[in-house]
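Asks: Residue numbers (the working numbering), protein chains in the order written: chain A, 22 to 475; chain B, 253 to 379.
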Amino acid sequence: MRYIPVTCEQREAMLRAVGVSTIDELFSMIPESVRFDSALDLPDGLSEIELDALLRSLAGENEGAADLVSFLGAGCYDHYIPSVVDSVVSKPEFFTAYTPYQPEVSQGTLQAIYEYQSMICQLTGMDVSNASMYDGATAFVEAALMAARITKRHTMLCASTVHPEWQNTLATYADAGTLEIAEFPQVTGGVVNLADVEARLSAGDIGALLVQSPNFFGNFEDLAALGKLAHDAGALFVVAVNPILLGIVEPPSAYGADIVVGEGQPLGNAASYGGPGLGFFACAEKFVRQMPGRVVGRTTDVDGAMAFVLTLSTREQHIRREKATSNICSNHALNALTACVYMAAVGPHGLEGIARAALAKAHYLRDALLATGKFVAPWDAHFGYEFTLAYNGDVAEMHDAMLARGFLAGVSVADVEAEWPTGVADAENLVVFAVTEKRTKEEMDAFVEEVASL
Amino acid sequence: MAHPNDRVYSKEHEWVVADGDIATIGISSFAQDQLGEVVYVDLPSEGDSLSAGDSFGEIESVKSVSELFAPVSGEVVEVNSALSDSPETVNSDPHGDGWMIKLRMEDAGELSALLSAEDYDAFITEG
Chain A
22 MRYIPVTCEQ REAMLRAVGV STIDELFSMI PESVRFDSAL DLPDGLSEIE LDALLRSLAG
82 ENEGAADLVS FLGAGCYDHY IPSVVDSVVS KPEFFTAYTP YQPEVSQGTL QAIYEYQSMI
142 CQLTGMDVSN ASMYDGATAF VEAALMAARI TKRHTMLCAS TVHPEWQNTL ATYADAGTLE
202 IAEFPQVTGG VVNLADVEAR LSAGDIGALL VQSPNFFGNF EDLAALGKLA HDAGALFVVA
262 VNPILLGIVE PPSAYGADIV VGEGQPLGNA ASYGGPGLGF FACAEKFVRQ MPGRVVGRTT
322 DVDGAMAFVL TLSTREQHIR REKATSNICS NHALNALTAC VYMAAVGPHG LEGIARAALA
382 KAHYLRDALL ATGKFVAPWD AHFGYEFTLA YNGDVAEMHD AMLARGFLAG VSVADVEAEW
442 PTGVADAENL VVFAVTEKRT KEEMDAFVEE VASL
Chain B
253 MAHPNDRVYS KEHEWVVADG DIATIGISSF AQDQLGEVVY VDLPSEGDSL SAGDSFGEIE
313 SVKSVSELFA PVSGEVVEVN SALSDSPETV NSDPHGDGWM IKLRMEDAGE LSALLSAEDY
373 DAFITEG
């Protein structure tokens, strides 16, 4: 297989057409002093056989979650992906299609998005879902922007227990745009401090209270109390959730959430190198005209047959320019489809089973790690399938030693704090562990034994 | 299509009926016809203060979303909340029940800068 962009003959013809005889002559107006004057130091081209061997040897240097025992989470999880997911998603009709610029001729794509939206609504308990956003972080920030449009208040109160990278994304948008971020409320016992939240809401200038539950440390926030505080202060309540746990916990709608967002990677999407992600975004119907992104609707065509259309695209960038509700006017269609197929494959009972298994295993591992005496619990909060412990030693050394033994030993809070401070005291020894339904008792017991022996 | 001559018009296709210092504002029959079926009207809050030329809301039809511009300056004293449930009134009765906001005008002299029905009809015919 050769890739030759231009033949010598074509190059000669182009040079003749513009009236120069050599490529060098084309660049002659660039001063000698700033030109690179030696040959590029590149190896010779490879044959296909050589190239195949080289790429295989490079790929062989990867150590993936398939070969290691992974306790990594913090937004990107090692859940099992049923083989039917890849099989459906890999159909060329889905796999090669780009975002539908002539949407109504892409009925299959639209229907898949419509099914995805319907499932997200069922999962979150909200009225309307959009066709998806880029990832959890962008969905989170878009929720803040939407809340500002609705309340006409541009100051956001964000829990500092939200994923630090999401907070960083919020700060980036705020820095370049119209949002302000209020001083972060304190963290007590691994969750946001309710009294401090109430105090910061009391001025009545907050557009939205933004929380994540379970939060970055794995702990459940008191959504019922937080939702009431937000609404009493005239603010919207924006809740970020883990979609797998919605298989067993009350949907955020039960706590009065106005906008629900989250990272959809756990729903059948590969962890890859931490992406691409899938931002899901759902809200109450009364806010739909301020919702970012696109929405697929179901209708009937002129013959009365079921048909799918892009609804509310009058608010998208190609029509509304700078007045658009968002500058994300595409979506992660293939990732949304993947989530859709995953949810259809596992079903509500399957999702419940996955969540229950992960939760039970996480609680087992936490108890076992504490029993080694190598770890200390920084708080006693309710958690899902992810929890945080303080390590009695150097976290980086522990990570290296466990990697050599075939384990990915959780996410170092200090590493993530390089992006954004969490506001939690003594964070440098904290490690966030995630335990999905894939982990076996044998793997966990082996991990505990090895880490205790360090 | 002659527009009623009991009011004045802006080149942005809003009409104004003045009663003392209260100005009632809507969009012209021509404008609603150009927009097509209106599905949503976003209006300001009572108490908002507007200057002539400010955007005071937006109107969405099945075809597009357009800004609404205040033809005169003043404070919003009333909004037509019935339009949130029945925005199609803007199509069926643009010069009557389809009104949008009432302003307490700061300067009734601004009205003289607006077009008479005759001039507005001529303006849209030039198009």
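C-beta: ideal position from N, C-alpha, C; glycine also.
Since the structure is predicted, the reported quantities are computational estimates derived from the model, not experimental observations.
I believe T182/A touches V212/A by the beta-carbon criterion, under 8 angstroms. Please report the beta-carbon distance rounded to the nearest angstrom.
Replies: Counting from one through the first sequence, the residue named residue 182/A turns up at place 161. Counting from one through the first sequence, the residue named residue 212/A turns up at place 191. The Cβ separation is near 6 angstroms, so the contact holds.
Asks: To which residues of the same chain is N290/A closer than 7 angstroms at the C-beta, ignoring the five residues directly before and after it?
Replies: Position 269 of the first sequence, counted from the first residue, corresponds to residue 290/A. Excluding residues within five positions, the ones whose Cβ falls inside 7 angstroms are L299, N356, T359 and A360.
Asks: Which residue's Cα is closest to the Cα of A60/A: D421/A, Q207/A, A165/A and D45/A?
Replies: Counting from one through the first sequence, the residue named residue 60/A turns up at place 39. A60/A has its Cα closest to that of D45/A, out of D421/A, Q207/A, A165/A and D45/A.
Asks: Who are the near neighbours of A158/A in its chain, counting only those whose CB is closer than 7 angstroms to its CB and skipping five residues on each side?
Replies: Numbered from its first residue, the first sequence carries residue 158/A at position 137. Correct list, in chain order: E186, W187 and T190.
Asks: Among the candidates S351/A, L391/A and G325/A, whose CA atom is the shortest distance from the CA of E337/A?
Replies: On the first sequence, residue 337/A is found 316 positions in, with the first residue counted as 1. Taking only the C-alpha atoms, the option nearest E337/A is S351/A.
Asks: In its own chain, which residues sit with a C-beta less than 8 angstroms from the C-beta of M22/A, not counting the 5 before and 5 after it?
Replies: Residue mapping note: residue 22/A aligns to position 1 of the first sequence, counting from 1. For M22/A, the predicted structure reports a pLDDT of 49, less than 50, and the residue's modelled location is therefore unreliable. A value from the coordinates is still provided. Same-chain partners within the cutoff: E69.
Asks: If you draw a straight line from the C-alpha of G210/A to the C-alpha of D337/B, how long is it?
Replies: Start at 1 with the first residue of the first sequence, and residue 210/A comes out as number 189. Start at 1 with the first residue of the second sequence, and residue 337/B comes out as number 85. Straight-line Cα distance between these residues: approximately 47 angstroms.
Asks: For R315/A, decide whether its Cβ has a neighbour in chain B, counting only Cβ atoms nearer than 9 angstroms.
Replies: Position 294 of the first sequence, counted from the first residue, corresponds to residue 315/A. No, because no Cβ of chain B sits closer than 9 angstroms to the Cβ of R315/A.
Asks: According to DSSP, simplified to helix, strand and coil, what is R342/A?
Replies: As a working note, residue 342/A is residue 321 in the first sequence. Looking at R342/A - three-state DSSP - the assignment turns out to be helix.
Asks: Whole angstroms are fine: how far does the CA of I274/B sit from the CA of A369/B?
Replies: The count along the second sequence starts at 1 and reaches residue 369/B at position 117. The count along the second sequence starts at 1 and reaches residue 274/B at position 22. Near 20 angstroms, if we compare the C-alpha coordinates of I274/B and A369/B.
Asks: Residues in the same chain with beta-carbon distance under 7 angstroms from I134/A, minus the five sequence neighbours each way, listed in chain order, please.
Replies: Here residue 134/A corresponds to residue number 113 of the first sequence, with the count starting at 1. The residues are A152, V317, A354 and A357.
Asks: Starting from the Cα of M140/A, find the closest Cα among A303/A, K462/A and D243/A and give me that residue.
Replies: Numbered from 1 along the first sequence, position 119 holds the residue referred to as residue 140/A. The shortest C-alpha separation from M140/A is found at A303/A.
Asks: Along the region 158 to 171 of chain A, where does the CB come closer than 7 angstroms to a CB of chain B? Name the residues.
Replies: Close to chain B, meaning a Cβ-Cβ distance shorter than 7 angstroms, is no residue of the region 158 to 171 of chain A at all.
Asks: On the DSSP bridge assignment, give the partners of C304/A in chain order.
Replies: By 1-based counting over the first sequence, the position of residue 304/A is 283. Looking at the DSSP assignment, C304/A forms a beta bridge with V149/A and I280/A.
Asks: Which residues in the same chain have their Cβ closer than 8 angstroms to the Cβ of Q284/B, if we skip the five residues on either side of it in sequence?
Replies: Working through the second sequence from its first residue, we reach residue 284/B at position 32. Same-chain partners within the cutoff: V290, V342, N343, P346 and G350.
Asks: Identify every residue that forms a DSSP beta bridge with S4/A.
Replies: Because chain A is modelled from 22 through 475, residue 4/A falls outside the range shown and cannot be assessed.
Asks: On the three-state DSSP scale, how would you describe C29/A?
Replies: Looking up residue 29/A in the first sequence gives position 8. Helix at C29/A.
Asks: Is L380/A closer than 9 angstroms to L410/A when the C-beta atoms are compared?
Replies: Locating residue 410/A in the first sequence gives position 389, counting from the first residue. Locating residue 380/A in the first sequence gives position 359, counting from the first residue. In this structure, L380/A does not lie closer than 9 angstroms to L410/A by Cβ.
Asks: What is the DSSP secondary structure of F321/B, reduced to helix, strand or coil?
Replies: For the purposes of this step, residue 321/B is identified with residue 69 of the second sequence, where counting begins at 1. Residue state, collapsed to three classes: strand.
Asks: Is Y292/B helix, strand or coil when you go by DSSP?
Replies: The residue you call residue 292/B lines up with position 40 of the second sequence. Strand.
Asks: What is the DSSP secondary structure of R315/A, reduced to helix, strand or coil?
Replies: Residue 315/A sits at position 294 when you count from the first residue of the first sequence. Residue state, collapsed to three classes: coil.
Asks: Roughly how many whole angstroms lie between the Cα atoms of L390/A and D88/A?
Replies: Taking the first residue of the first sequence as position 1, residue 390/A is located at position 369. Taking the first residue of the first sequence as position 1, residue 88/A is located at position 67. Using only the alpha carbons, I get a separation of about 23 angstroms.
Asks: Grab me the residues of P272/A's own chain with a C-beta within less than 6 angstroms of its C-beta, minus the 5 sequence neighbours each way, in chain order.
Replies: Taking the first sequence and counting its residues from 1, the one referred to as residue 272/A is at position 251. For P272/A, where only same-chain residues beyond five positions count, the Cβ hits under 6 angstroms are T145 and G146.
Asks: Could you name the residues that DSSP lists as bridge partners for T276/B?
Replies: Within the second sequence, numbered from 1, the residue matching residue 276/B stands at position 24. T276/B pairs with V269/B and K354/B.
Asks: What is the DSSP secondary structure of E407/A, reduced to helix, strand or coil?
Replies: Within the first sequence, numbered from 1, the residue matching residue 407/A stands at position 386. Strand.
Asks: Exposed or buried, what is V314/B when buried is set at 16 or more other beta-carbons lying within 10 Å of its beta-carbon?
Replies: Translated into the one-based positions of the second sequence, residue 314/B becomes position 62. By the Cβ-count criterion, V314/B is exposed, with fewer than 16 other Cβ atoms from all chains shown falling within 10 Å of its own Cβ.
Asks: CB L366/B to CB E327/B, shorter than 9 angstroms?
Replies: The count along the second sequence starts at 1 and reaches residue 366/B at position 114. The count along the second sequence starts at 1 and reaches residue 327/B at position 75. Taking 9 angstroms as the Cβ cut-off, L366/B and E327/B do not qualify as a contacting pair.
Asks: Give the residues of chain B in contact with R341/A, contact being defined as C-beta atoms less than 7 angstroms apart.
Replies: In the first sequence, counting from the first residue as 1, residue 341/A sits at position 320. Going along chain B in sequence order, the residues near R341/A (Cβ under 7 angstroms) are V317.
Asks: Do we get a CB-CB distance below 9 angstroms when we pair R336/A with the residues of chain B?
Replies: As a position in the first sequence, residue 336/A is number 315, starting the count at 1. R336/A counts as touching chain B.
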